[in-house]
Amino acid sequence: MQQEKLRELLADMSLPEKIGQLVQLSGEFFQSKDISYGPIQKLGISQEAIDLTGSVLNVTGAHATKQLQEQQMAKQPHHIPVLFMADVIYGFKTIFPIPLGLGATWDPELVQQAFRIAGNEAAASGNQVSFAPMVDVTHDPRWGRTLESPGEDALLNARMATAMVTGFQTDLAEKAGQVSCVKHFAAYGGVEAGREYNSADMSLSNLYQNYLPPYKAAVDAGCEMVMTSLSTLNGVPGTADKWLLQDVLKKQWGFDGVLISDYASVYELVKHGYATDDRDSALKALDAGLDIDMKSPVYANELQGLVEDGSLSEDRIDQACWRVLQLKNKLGLFEDPYFGTSEEAEKKINLTADKRALARKVAAESLVLLQNKNDILPLTGAEKVALIGPYADEKSLIGMWAVHGDPADCVTIKEALQEELGERLTYTRGTDISRDKEKLRGLGFLTDEMITQVVSDDETEQKHHDEALKNAQAADVVIYAVGEHSFEAGEAGSKTNLHLPDNQVNLLNDLHGLGKKIVLVNISGRPLVLSNVTDKTDAIIQAWFPGTEGGLAIADVILGKVSPSGRLSMTFPYTEGQEPLYYAHLSTGRPQDGSQHVGRFVSRYIDAPTAPLYAFGYGLSYAQVEYGKIKLEKDKLSANDTLKVSIELTNASNWQQKETVQVYFHDDAASIVQPVKRLIDFKKVVLAPHSKQIVTFAIPAMYFSFYDNQGESILEPGTFHLFVGANSQDVASATFEILDK
Ligand code: BGC
């Protein structure tokens, strides 16, 4: 529709119609199938408001969305199509690894391909907007939503944000793909103590440097929508933070798309103690710049009264409504309200062989080999293998936030290995994922009947245990697949105990007692504490929730079809008490190493190491790649110069290896103390067997700047350390200087 016509439409709409465009409800209001998580309560809004609703949450499927579109358009006086929005966080039907695993690929190009597929599958099923990417930087694995984030680093998350947004939005002009809605603005990942929906409090320097860059990267990549956070930042709820939404997002970054609240977060302004009642909430959120109120009664019930009594100018409603209409028009919904959705397309497009192949490739690249004593991996394929553990033949490999995917489509580890090993493979469950019924009940999704399927009776558990020992005894190698229940990670999955459950560790101890070689495969949505299993295992593969093709990818790594190349996107602690633990911390005046003090009076714990078990960026491969000396083209730069860095890699092995070269720096002295290391660039390169390669980086001097507490980026002259290596700990270093002029 031409802009002029769109303006005419807006001018002709009644106030309730315009407000309707600012309301989003879920399927239950339209008698449609709905898979929303969260408080499912009737909101106490009128039928008229429901009929005028401008967008619908988490209704999917060509048939359901087409029917609902027809129904809603018939009801609305101007027959305005609704927008269908959904959580397509890491796949729609073809499920890729959880974003923490996607971060571990360090391969934005691959991730972009994955998100293009996710958007195309979802669009064919009638969804035009994805509530993704979620790029909240997080330093605390107690927070369940670490599962949804690419990890702990601003730069890695920013590169992933660009890839994800671009992937989703590539095909929009062809009526495929989805509009991307980046979330949760802002700094939701900074919630205190990793407790869900808690508050974040931080300096502006920290916010600008460590938390905002990924959202900004998404905006720069053209994402059309932004979702606010459920949490407060420095005392102000994200949903009504005028400074964040107006000054930072709109003025500083030039965002002119649609802003949506998170689920009921406008309503929750009263609970936060930020608004006195719903009326006040509506006023504060709209005034801050929030366009759409997701799943709350507040805009629907309060905006009209606010305009009528003069507290809010109708012009403000018009501006918000205009942004929503613009988005619908950009997608061509006024001409084709179904946006290419069709039942035939839906059948053809989902889970095709090429999509599964990509999911397998991405999953294989997300796996991180944490330990490989005496090069026990890869197996030759000639060994007798005892596959044991609650995840050995488990289809639930997609994790909590793949809400449109089906575990039944997954290939299990057992199915994948059996194809290759045939009779040389034995299998037993060995033990349950959890034996703790109370804990499982507390997860909120499992009925008593489901819990009975998870937790075996004592007799069966004993049988599985005995069978596991028998199988292990007869085998050359044990593969032990363990981890956390999929509902333990994800939204509202915060927890304080990050160890593997006791029953899983007890069986490991017994298996270890047999003196067999043990390969542990860990399925989890967050870094777990693995310090109590490293000495009982020979190899450890961190497998996240690896997605539809996860079993095959794990088998590919175990059997050496690919050499693992995943590198941790989040630090693995030695113990929970170290959290939040992250590589880019500041130095203290009394660092444990290098302090003038000795003994007690240094920054450390008296009962645990200061260092992590596995550092950010860490991961092993089958090839041993050697890093040469760092070469700097010049080591004195002015602010307009570019630092040119090169390093020679040598792969002396028979393996083709994908290697992620990581570049960090430290500003030796600055007016705001800078992290001991900060990632500044990285490249994933392919090394042929027995080859050398020179990898180069060109880093503008301006990138070595930092943010002050007014949010200004400043570059201070002085000396810097540059670090290049395979992870944040094992690095070579060089120094350079940025000159005054
Ligand atoms: C989550 C969002 C999600 C929304 C809609 C909320 O509970 O925080 O990330 O997009 O629900 O499903």
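706 is the number that this note's numbering gives to position 701 of the sequence shown; each next residue is one higher, with no gaps.
Beta carbons are placed, not taken as given, at the ideal position from N, Cα and C, and that holds for glycine.
Here the structure is a predicted model, which means the values were calculated and not measured.
Boundaries (first-last residue) of the alpha helix (DSSP H) holding residue i
{"i": "cysteine 228", "result": "Note, cysteine 228: premise wrong, no alpha helix (DSSP H); not H, not E."}
{"i": "histidine 189", "result": "Counting along the chain, histidine 189 falls outside any alpha helix (DSSP H), though it belongs to the beta strand (DSSP E) covering 184-190."}
{"i": "phenylalanine 173", "result": "159-174"}
{"i": "glutamine 376", "result": "Per DSSP, glutamine 376 belongs to no alpha helix (DSSP H); it is in the beta strand (DSSP E), 373-377."}
{"i": "threonine 70", "result": "67-80"}
{"i": "threonine 457", "result": "453-459"}
{"i": "threonine 431", "result": "Careful: threonine 431 lies outside any alpha helix (DSSP H), inside the beta strand (DSSP E) at 430-433."}
{"i": "cysteine 326", "result": "319-335"}
{"i": "isoleucine 354", "result": "348-354"}
{"i": "aspartate 463", "result": "463-478"}
{"i": "proline 113", "result": "113-129"}
{"i": "glycine 447", "result": "442-447"}
{"i": "glutamine 423", "result": "418-426"}
Beta-bridge pairing of residue i - partner residues as DSSP gives them
{"i": "glutamine 29", "result": "Ser60 and Met299"}
{"i": "histidine 726", "result": "His671 and Thr740"}
{"i": "proline 752", "result": "No information on residue 752 is available, as it lies outside the stretch 6 to 746 that the chain covers here."}
{"i": "methionine 232", "result": "Ile265"}
{"i": "phenylalanine 711", "result": "Ile719"}
{"i": "methionine 139", "result": "Lys188"}
{"i": "histidine 504", "result": "Val534"}
{"i": "asparagine 527", "result": "Val487 and Gln547"}
{"i": "glutamine 309", "result": "Partner(s): none; glutamine 309 has no beta bridge."}
{"i": "glutamine 698", "result": "Leu654"}
{"i": "alanine 205", "result": "Leu238"}
{"i": "leucine 382", "result": "None; leucine 382 has no bridge partner."}
{"i": "glycine 96", "result": "Ile100"}
{"i": "tyrosine 619", "result": "Phe577"}
N- and C-terminal bounds of the beta strand (DSSP E) containing residue i
{"i": "threonine 665", "result": "662-672"}
{"i": "phenylalanine 687", "result": "683-692"}
{"i": "isoleucine 652", "result": "647-656"}
{"i": "valine 562", "result": "No beta strand (DSSP E) contains valine 562, which is instead part of the alpha helix (DSSP H) from 555-563."}
{"i": "leucine 392", "result": "390-393"}
{"i": "glutamate 631", "result": "630-632"}
{"i": "phenylalanine 89", "result": "88-91"}
Nonlocal neighbours in the same chain, by C-beta distance under 6 Å from residue i, ignoring five residues either side
{"i": "valine 231", "result": "Val187, Phe190 and Leu264"}
{"i": "threonine 655", "result": "Glu631 and Lys697"}
{"i": "histidine 144", "result": "Glu157, Pro585 and Tyr587"}
{"i": "valine 666", "result": "Lys688 and Val700"}
{"i": "aspartate 672", "result": "Gln679 and Phe725"}
{"i": "asparagine 162", "result": "Val140, Val142, Pro155 and Pro219"}
{"i": "alanine 222", "result": "Ala163, Ala166 and Thr167"}
{"i": "aspartate 283", "result": "Val303 and Glu307"}
{"i": "glutamate 13", "result": "none"}
{"i": "proline 532", "result": "Pro146, Met575 and Phe577"}
{"i": "alanine 290", "result": "Thr244, Ala245 and Val271"}
{"i": "alanine 421", "result": "Gly556, Leu557 and Ala560"}
{"i": "leucine 625", "result": "Leu374 and Asn377"}
{"i": "isoleucine 743", "result": "Leu642, Ala706 and Pro722"}
Cβ-heavy atom distance, residue i to the ligand ATP, below 8 Å
{"i": "phenylalanine 34", "result": "With respect to the ligand ATP, the structure offers nothing, as its ligand set consists of the ligand BGC."}
Sequence-distant residues of the same chain with beta carbon closer than 8 Å to residue i, five excluded per side
{"i": "alanine 413", "result": "Lys400"}
{"i": "alanine 387", "result": "Arg429"}
{"i": "leucine 15", "result": "Lys23, Asp323, Cys326, Trp327 and Leu330"}
{"i": "leucine 338", "result": "Pro86, Leu88, Gln133 and Phe344"}
{"i": "histidine 695", "result": "Asn656, Ala657, Ser658 and Asn659"}
Closer than 9 Å to chain B by CB, residue i
{"i": "threonine 175", "result": "This model lacks chain B altogether; it includes just one protein chain."}
Own chain partners of residue i with C-beta closer than 7 Å, once the 5 adjacent residues on each side are dropped
{"i": "alanine 369", "result": "Ala558, Asp561, Val562 and Val567"}
{"i": "isoleucine 45", "result": "Note on isoleucine 45: pLDDT 45, under 50, position unreliable in the model; no value is reported."}
{"i": "valine 736", "result": "Tyr669, Phe728, Val729 and Gly730"}
{"i": "glycine 49", "result": "Pro302"}
{"i": "aspartate 713", "result": "Ser210, Ile677 and Ile719"}
{"i": "isoleucine 354", "result": "Asn125, Glu126 and Ala129"}
{"i": "glutamate 351", "result": "Ala67, Ala129 and Ser130"}
> Using 8 Å as the Cβ pair cut-off and three pairs as the minimum, do the segment 568-577 and the segment 155-167 touch?
Replying inline: Yes, they touch.
> Quick one: any contact between the segment 84-99 and the segment 58-74, if contact means 3 or more CB pairs under 8 Å?
Replying inline: yes
> Counting Cβ pairs, one atom from each stretch, are 3 or more of them under 8 Å apart for the segment 111-123 and the segment 555-567?
Replying inline: no
>> Three or more C-beta pairs under 8 Å: does that hold for the segment 75-84 against the segment 96-108?
In response: no
> Counting pairs of Cβ atoms below 8 Å between the segment 173-187 and the segment 234-245, do you hit three or more?
Replying inline: Taking a cut-off of 8 Å for Cβ pairs, the segment 173-187 and the segment 234-245 do not touch, as fewer than three such pairs fall below it.
> Is the segment 531-545 in contact with the segment 507-517, if contact means three or more CB pairs nearer than 8 Å?
Replying inline: yes
> Is there contact here, the segment 519-527 with the segment 483-493, by at least three beta-carbon pairs under 8 Å?
Replying inline: By the C-beta criterion, the segment 519-527 is judged to be in contact with the segment 483-493, since at least 3 inter-stretch pairs fall below 8 Å.
> Should the segment 610-623 be called in touch with the segment 704-712, which here means at least 3 C-beta pairs below 8 Å?
Replying inline: no
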